[in-house]
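Visitor: If you read the sequence shown in UniProt numbering, its first letter stands for residue 1, the second for the next number, and so on. Note that CB positions come from ideal geometry on N, CA and C, so glycine has one too.
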Amino acid sequence: MSTNPLRLGTRGSALAMAQSGTVAQAVRDRTGRDVELVEIVTPGDRSSAPIQTLGVGVFVSALRDALLAKEIDFAVHSYKDLPTAPADGLVVAAIPPRHDPRDALVARDGLTLNELPAGARIGTGALRRIAQLNALGRHFEPLPLRGNVDTRLRKLAEGEYDAIVLAHAGMARLGRGGEATEVLDPLLMLPAPAQGALAVECREDDAELRDLLAALDDEYTRAAVTAERALLAELEAGCSAPIAALAEVAEGDDGPEIYLRGAVFSPDGGFALRLSRTGTLADAAEVGRALARDLREEGADNALGVQHDPHP
1 MSTNPLRLGT RGSALAMAQS GTVAQAVRDR TGRDVELVEI VTPGDRSSAP IQTLGVGVFV
61 SALRDALLAK EIDFAVHSYK DLPTAPADGL VVAAIPPRHD PRDALVARDG LTLNELPAGA
121 RIGTGALRRI AQLNALGRHF EPLPLRGNVD TRLRKLAEGE YDAIVLAHAG MARLGRGGEA
181 TEVLDPLLML PAPAQGALAV ECREDDAELR DLLAALDDEY TRAAVTAERA LLAELEAGCS
241 APIAALAEVA EGDDGPEIYL RGAVFSPDGG FALRLSRTGT LADAAEVGRA LARDLREEGA
301 DNALGVQHDP HP
């Protein structure tokens, strides 16, 4: 086995560096191999356009190009940023234990979502969050929000918003999880598929590294994320579409089971469809596909393209 440092490709944001640093340390601890971080700038990092206009994969394409060019040995992605279609020549060798997948509210004056007044300005760049805020019927005013976690929190502190919604995992990884005024119940705000999970990706033909990285893989997290992303793929939607999913693993009568919740919304929240399914860990992908079919049978396809008036 080579003794050269492994080159870990990462975006340069504070969150990406924190995530990659955690994985790098886990590799050092479990294998004894040294790891060096290699910063890769992606088109998503250079753009200030709204997230939903950038397209799926905008934060990962440059990392994948560097992998295929052998400029780096492996890469760490926020799993929810990955397109659902597999990348030729690459494989997700490990999915480490997932952080809290829920969304978090950070509001002025320590307010919770229920305490915010009608008309409150809530910053978020995710169409999924906007749709669910609209579906609450509270007449909130969702406003576009881009930038890293620190930038978003600063904009809130400067009064540009009454509240913002972020992934709680990202805040926690930066040591700012305690600033959330409310971690949102999935019944109110169902997360994005694979939110809070990391994907450790390497070249498919690098068997030695794949075996090494497999030590970081968490069986329950992989099953949950597999179910959520299978649902997403079956509905042929990207990470910016108003689709949400959350799978949890719990002990059943015959061993661990997956409980998967999925939801589809019209962007204005006038249509909201929520369903669930259970299954075994081995059938994780089929659980996701089956729930997607259930959603489609109940009108999910129509919801994606149909606008409704939430205030008739």
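Could you give the distance in angstroms between the alpha-carbon of D150 and the alpha-carbon of D206?
Guide: When rounded, the distance between both Cα atoms is 36 Å.
Visitor: Alpha carbon to alpha carbon, what distance is there between F271 and residue 314?
Guide: Past the edges of the chain, shown from 1 to 312, lies residue 314, and the structure says nothing about it.
Visitor: Along the chain, where does the alpha helix (DSSP H) that runs through A135 open and close?
Guide: L127 to A135
Visitor: Just to confirm my understanding: we take E201, look at its own chain, exclude 5 residues before and 5 after, and list those with CB closer than 6 Å. What are they?
Guide: A75, L90 and V92
Visitor: Can you give the Cα-Cα distance for D65 and G252, rounded to whole angstroms?
Guide: 42 Å
Visitor: Decide if K80 is buried, meaning its Cβ has at least 16 other Cβ atoms within 10 Å, or exposed.
Guide: buried
Visitor: What are the uninterrupted segments assigned as alpha helix (DSSP H) that are 4 or more residues long and contained completely in the segment 128-185, given in chain order?
Guide: 149-157 and 168-173
Visitor: Among L246, R173, H77 and G123, which residue has its Cα nearest to the Cα of P144?
Guide: Nearest of L246, R173, H77 and G123 to P144, Cα basis: G123.
Visitor: DSSP state of S61, grouped into three classes?
Guide: helix
Visitor: Since A104 and L116 should fall inside the 8 Å C-beta cutoff, what is the C-beta to C-beta distance between them, to a whole number of angstroms?
Guide: In fact, because the Cβ distance is near 14 Å, the residues do not count as touching under 8 Å.
Visitor: Excluding sequence positions up to five away, which residues of its chain have a Cβ less than 8 Å from the Cβ of L212?
Guide: V27, T31 and R33
Visitor: Going by C-alpha to C-alpha distance, which of A250, G255, L246 and T278 sits closest to V264?
Guide: L246
Visitor: Express the C-alpha separation of D254 and A62 in angstroms, rounding to a whole number.
Guide: 43 Å
Visitor: Which class does G9 belong to by DSSP, given the choice of helix, strand or coil?
Guide: strand
Visitor: Under 8 Å by Cβ, that's how I've got A227 and V287 pegged, so tell me the actual separation to the nearest angstrom.
Guide: Rounded, the Cβ-Cβ distance is 5 Å, consistent with contact.
Visitor: Tell me which residue opens and which closes the alpha helix (DSSP H) that E219 is part of.
Guide: E219 to E234
Visitor: Measure the C-alpha to C-alpha separation of E257 and P101 and round it to an integer number of angstroms.
Guide: 18 Å
Visitor: On the criterion of 16 or more Cβ atoms from any shown chain inside 10 Å, does R129 qualify as buried, or is it exposed?
Guide: buried
Visitor: CB-CB under 6 Å to R261, same chain, minus the five flanking residues each way: which ones, in chain order?
Guide: L246 and S276
Visitor: Following the continuous beta strand (DSSP E) through A199, name the residue where it begins and the one where it ends.
Guide: L198 to R203
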